[in-house]
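Novice:
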Amino acid sequence: MSVYVTDYISNFDVERQVLSGRITENKKDAQVLLVWHQKIDKEYLNQFPKLEGIVRYGVGFDVIDIDAVRERNLVFCNTPDYGTDEVSDTAIAMIMNIIRGVTRYDHYCRDYADETWQENTLTDLRRTNSLTLGVIGAGRIGGSIIRKAKAIGLNTLFFDPYIKRGYEKMLATGRVDSLPDLVKVSDIISINTPLTKETISMVDSDFINGMKDGSAFINTSRGEIVSNLDIFIDPLKTGKISGIGLDVLPKEPPADCKLIQAWKRREAWISGRVIINPHTSYFSQESYKEMRIKAAMNAKRILDGVIPHNIIVSKKSNS
Numbered sequence: 009m010s011v012y013v014t015d016y017i018s019n020f021d022v023e024r025q026v027l028s029g030r031i032t033e034n035k036k037d038a039q040v041l042l043v044w045h046q047k048i049d050k051e052y053l054n055q056f057p058k059l060e061g062i063v064r065y066g067v068g069f070d071v072i073d074i075d076a077v078r079e080r081n082l083v084f085c086n087t088p089d090y091g092t093d094e095v096s097d098t099a100i101a102m103i104m105n106i107i108r109g110v111t112r113y114d115h116y117c118r119d120y121a122d123e124t125w126q127e128n129t130l131t132d133l134r135r136t137n138s139l140t141l142g143v144i145g146a147g148r149i150g151g152s153i154i155r156k157a158k159a160i161g162l163n164t165l166f167f168d169p170y171i172k173r174g175y176e177k178m179l180a181t182g183r184v185d186s187l188p189d190l191v192k193v194s195d196i197i198s199i200n201t202p203l204t205k206e207t208i209s210m211v212d213s214d215f216i217n218g219m220k221d222g223s224a225f226i227n228t229s230r231g232e233i234v235s236n237l238d239i240f241i242d243p244l245k246t247g248k249i250s251g252i253g254l255d256v257l258p259k260e261p262p263a264d265c266k267l268i269q270a271w272k273r274r275e276a277w278i279s280g281r282v283i284i285n286p287h288t289s290y291f292s293q294e295s296y297k298e299m300r301i302k303a304a305m306n307a308k309r310i311l312d313g314v315i316p317h318n319i320i321v322s323k324k325s326n327s
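Per our numbering, residue 9 is the first one in the sequence shown, and the count goes up by one each step.
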């Protein structure tokens, strides 16, 4: 009974310790796959005749062909709870950067050479308790963002049709019943939803047109929730949007679209208002190790015939 690591991880020290050495490089012997970015489809699965289950290291599973998994009658699990603080901290850092104009000041002040140094204030900046953060998707990460945002004085609300009524009382936050209701009242919008048929390309020109003038946009979930990065160009230039923070992009590495070209050239109109991370908000030394331990422990449960955690697809009974 052994586990095959499909990609990305090259040193299996953590996995070997959790699995008591049960790691194989022989695809025909593997009972469980540990997956990072490898595309898992019917053709790939055909290489593993003894397979019983699949565990994804991360949260999202858009690289997994769920129909192919069901056809093979495999159990499939993800690892959703390893980097909650890291991702929510990144979102909060981007939010606070936009509110306080940190990278904008850094961009502009390099050219301040006269005696007006301290007087060069960004006149559009506002106090946190006068602003509303709207969170789309109030699960583990979205809920964590709400709690942290409230602690620094922001007003908060969320939209999530899949969260039970009353959850907003536990978070002591506001709640709206439609996406347009959230978009039109939020000074800052944070996207924290999985990539699904409902959310793919959800952020488009109509979405932006519905936003408050001068509001900001943060995405630390999935890049393809945004239809096209170039939809931000005109709103940024006109001031419709004050700033954007992106940990994820529709294409990674970024496609050579106009916004990315302007960002790489550090064009003046961007002036510190576009923040891009290379899909790294999940990472800290602690979260990376925790993710690997939890994924390997779930693989061990499958090997040992124990019901695993975080099941996305269940294995059907033969009875």
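The beta-carbon is built from N, C-alpha and C at its ideal position, and this holds for glycine as well. Because the structure is a prediction, the values reported are computed rather than measured.
1) Taking DSSP's pairing of strands, which residues face Ile283 in a bridge?
2) So does Phe84 have its beta carbon nearer than 6 Å to some heavy atom of the ligand PLP?
3) Applying the criterion that 16 or more other CB atoms from any shown protein chain within 10 Å of the CB defines a buried residue, is Ala159 buried or exposed?
4) Since Asn128 and Tyr116 are thought to touch, with beta carbons under 8 Å apart, how far apart are those beta carbons, to the nearest angstrom?
5) Just grab the DSSP bridge partners of Leu190 for me.
6) Assuming Phe215 and Val191 form a contact by the criterion Cβ under 8 Å, report the distance between their Cβ atoms to the nearest whole angstrom.
7) In this structure, does DSSP put Ser322 in helix, strand or coil?
8) Among Ile278, Ile301, Ser186, which one has its Cα closest to the Cα of Thr246?
9) Assuming Arg309 and Glu23 form a contact by the criterion Cβ under 8 Å, report the distance between their Cβ atoms to the nearest whole angstrom.
10) Roughly how many angstroms separate the alpha carbons of Ile72 and Gln126, rounded to a whole number?
11) In whole angstroms, what is the alpha-carbon distance linking Gly147 and Asn19?
12) Please determine, among Gly29, Ser96, Lys297, the residue with the shortest C-alpha to C-alpha distance to Lys156.
13) Is Ala121 helix, strand or coil by DSSP?
14) What are the boundary residues of the alpha helix (DSSP H) that Thr140 is part of?
Specialist: In short:
1) Here residue 283 refers to the residue found at position 275 when the sequence shown is read from its first residue. Answer is Gly253, bridged to Ile283.
2) No copy of the ligand PLP occurs in the structure displayed, which carries no ligand at all.
3) For the purposes of this step, residue 159 is identified with residue 151 of the sequence shown, where counting begins at 1. Exposed.
4) For the purposes of this step, residue 128 is taken as the residue at position 120 of the sequence shown. For the purposes of this step, residue 116 is taken as the residue at position 108 of the sequence shown. Indeed they touch by this definition, with Cβ atoms about 7 Å apart.
5) Position 182 of the sequence shown holds residue 190. In DSSP, Leu190 forms no bridge with anything.
6) For the purposes of this step, residue 215 is identified with residue 207 of the sequence shown, where counting begins at 1. For the purposes of this step, residue 191 is identified with residue 183 of the sequence shown, where counting begins at 1. Right, the Cβ-Cβ distance comes to about 6 Å (below 8 Å), so this counts as a contact.
7) As a position in the sequence shown, residue 322 is number 314, starting the count at 1. Correct three-state label for Ser322: coil.
8) Here residue 246 refers to the residue found at position 238 when the sequence shown is read from its first residue. It is Ile278 whose Cα lies nearest to the Cα of Thr246.
9) Indexing the sequence shown from 1 puts residue 309 at position 301. Indexing the sequence shown from 1 puts residue 23 at position 15. Actually they do not touch by this definition, with Cβ atoms about 14 Å apart.
10) Sequence index remark: in the sequence shown, residue 72 carries index 64 (1-based). Sequence index remark: in the sequence shown, residue 126 carries index 118 (1-based). In a straight line, the C-alpha of Ile72 is about 53 Å away from that of Gln126.
11) Here residue 147 refers to the residue found at position 139 of the sequence shown. Here residue 19 refers to the residue found at position 11 of the sequence shown. Distance between the alpha carbons of Gly147 and Asn19 is about 32 Å.
12) As a position in the sequence shown, residue 156 is number 148, starting the count at 1. Comparing Cα positions, the closest option is Ser96.
13) Here residue 121 is taken as the residue at index 113 of the sequence shown, counted from 1. In this structure, Ala121 counts as coil in the three-state DSSP scheme.
14) Against the sequence shown, residue 140 aligns to sequence position 132. Counting along the chain, Thr140 falls outside any alpha helix (DSSP H), though it belongs to the beta strand (DSSP E) covering 140–144.
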